[in-house]
Amino acid sequence: MTSQKLHSTVSGREDGPALLLLNSLGATQAMWEPQLPLLESQYRVIRCDTRGHGQSPTPAAPYSFDDIVGDVLAVLDSHGAETASVMGLSLGGMTALGLGLKAPGRVDRLVCCAARADAPPPFIQNWHNRLAMLEEGGIEAVWNGTVGMWLGEDSRSAHPEREATLREGFLKTTAEGYRGCAHALMGLDYLRHLGDMAVRTLFVAGADDMAAPPEAMLAMAQACPGSEYAVVPGARHIVNIDRPREFNLAILGFLNLDAD
Numbered sequence: 403m404t405s406q407k408l409h410s411t412v413s414g415r416e417d418g419p420a421l422l423l424l425n426s427l428g429a430t431q432a433m434w435e436p437q438l439p440l441l442e443s444q445y446r447v448i449r450c451d452t453r454g455h456g457q458s459p460t461p462a463a464p465y466s467f468d469d470i471v472g473d474v475l476a477v478l479d480s481h482g483a484e485t486a487s488v489m490g491l492s493l494g495g496m497t498a499l500g501l502g503l504k505a506p507g508r509v510d511r512l513v514c515c516a517a518r519a520d521a522p523p524p525f526i527q528n529w530h531n532r533l534a535m536l537e538e539g540g541i542e543a544v545w546n547g548t549v550g551m552w553l554g555e556d557s558r559s560a561h562p563e564r565e566a567t568l569r570e571g572f573l574k575t576t577a578e579g580y581r582g583c584a585h586a587l588m589g590l591d592y593l594r595h596l597g598d599m600a601v602r603t604l605f606v607a608g609a610d611d612m613a614a615p616p617e618a619m620l621a622m623a624q625a626c627p628g629s630e631y632a633v634v635p636g637a638r639h640i641v642n643i644d645r646p647r648e649f650n651l652a653i654l655g656f657l658n659l660d661a662d
């Protein structure tokens with residue numbers, strides 16, 4: 403499939419090294435806003451909406467990770483970034499792994515957050531269940547079945563704006579885009595290749611994440627040569643929004659960021 407011209411934005415230091423941020427399925431580039439002040443102090447930050455999400459186009463489903471990785475390489479090309487550090491969460495984390503495996507010369511370092519690298523039967527069945535929700539009740543029905551996995555109850559009650567922002571982005575996901583990305587996830591098969599990863603990698607898990615459990619991410623880190631591993635305490639799936647301060651602490655050293 404031809405790569406899609408994704409909607410993307412650039413911010414931060416014009417003379418800084420490039421950092422590409424990749425969103426979760428059902429989110430947009432806005433999901434990284436809690437980290438922008440920190441990241442923009444050091445990096446030229448490139449954000450994009452995955453195909454079928456936000457303001458990006460929606461090609462016909464199904465998609466593969468080769469398609470999604472191709473889109474991302476085109477984003478780097480469009481902004482003249484020969485190399486970049488890459489950080490992605492969930493679908494974005496898996497895309498980052500694909501980028502590191504397929505185009506290691508383009509990636510300085512890689513942060514894979516709240517992601518899996520394989521598709522065991524229960525994982526595949528979960529996506530069949532979500533697609534059934536989509537067909538029956540549309541994208542809002544999928545959101546209603548997702549938000550409790552994304553954010554903890556204390557985060558939802560103390561910071562309702564976090565949930566509101568995520569919901570707004572989720573409802574911008576087209577049904578075809580969700581369907582296409584779900585099919586890519588059901589074909590996820592990076593775990594057996596992680597031993598070939600030549601890019602320095604940090605895996606970040608949420609302690610209370612049911613979608614990408616810490617033990618699954620630890621197994622990924624153990625399979626990936628020389629990688630680092632961190633757990634964000636108390637965090638569910640969207641770790642950077644559920645526990646933004648603790649998430650920032652987890653990535654500081656790896657991305658050479660100043661805590662101030």
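Numbering (the numbering used here), first residue to last: 403 to 662.
The beta-carbon is built from N, C-alpha and C at its ideal position, and this holds for glycine as well.
Residue i: which of the options sits nearest, CA to CA?
i: residue 655; options: 440, 404, 420, 410; result: 440
i: residue 582; options: 533, 647, 653; result: 533
i: residue 575; options: 632, 595, 475, 451; result: 451
i: residue 604; options: 499, 468, 613; result: 499
i: residue 491; options: 519, 481, 541; result: 519
i: residue 465; options: 426, 536, 646, 588; result: 588
i: residue 613; options: 528, 647, 542; result: 528
i: residue 573; options: 555, 549, 596; result: 549
i: residue 417; options: 489, 445, 488; result: 445
i: residue 468; options: 484, 414, 585, 606; result: 585
i: residue 514; options: 658, 633, 659, 420; result: 633
i: residue 483; options: 419, 458, 522; result: 419
i: residue 415; options: 427, 442, 649; result: 442
i: residue 580; options: 462, 508, 619, 564; result: 462
i: residue 601; options: 626, 555, 566, 616; result: 626
i: residue 435; options: 567, 618, 628, 660; result: 567
For the alpha helix (DSSP H) containing residue i, list its first residue and its last residue.
i: residue 567; result: 562-572
i: residue 549; result: 549-552
i: residue 532; result: 523-546
i: residue 580; result: 577-588
i: residue 462; result: Here residue 462 belongs to no alpha helix (DSSP H), and DSSP marks it neither H nor E.
i: residue 648; result: 646-653
i: residue 617; result: 616-625
i: residue 596; result: No alpha helix (DSSP H) contains residue 596, which DSSP labels as neither H nor E.
i: residue 435; result: Unbroken run through residue 435: none, as it is neither H nor E.
Which two residues bound the contiguous beta strand (DSSP E) that contains residue i?
i: residue 510; result: 509-515
i: residue 449; result: 446-450
i: residue 604; result: 602-608
i: residue 484; result: Residue 484 -> no beta strand (DSSP E), and no H or E assigned at all.
i: residue 414; result: 410-414
Please look up how many angstroms separate the CB atoms of residue i and residue j, rounded, as I've assumed it's under 8 Å.
i: residue 547; j: residue 433; result: Not quite, the Cβ-Cβ distance comes to about 19 Å (not below 8 Å), so this is no contact.
i: residue 477; j: residue 448; result: 7 Å
i: residue 437; j: residue 642; result: 6 Å
i: residue 564; j: residue 545; result: Their Cβ separation, rounded to whole angstroms, is 14 Å, which puts residue 564 and residue 545 out of contact at 8 Å.
Can the beta-carbon of residue i be found closer than 8 Å to that of residue j?
i: residue 622; j: residue 593; result: yes
i: residue 653; j: residue 553; result: no
i: residue 611; j: residue 516; result: yes
i: residue 505; j: residue 422; result: no
i: residue 645; j: residue 637; result: yes
i: residue 488; j: residue 424; result: yes
i: residue 474; j: residue 493; result: no
i: residue 526; j: residue 577; result: no
i: residue 496; j: residue 590; result: yes
i: residue 455; j: residue 412; result: no
i: residue 635; j: residue 607; result: no
Among all the DSSP beta bridges, which residues are the ones paired with residue i?
i: residue 489; result: 423, 513
i: residue 474; result: None; residue 474 has no bridge partner.
i: residue 633; result: 607
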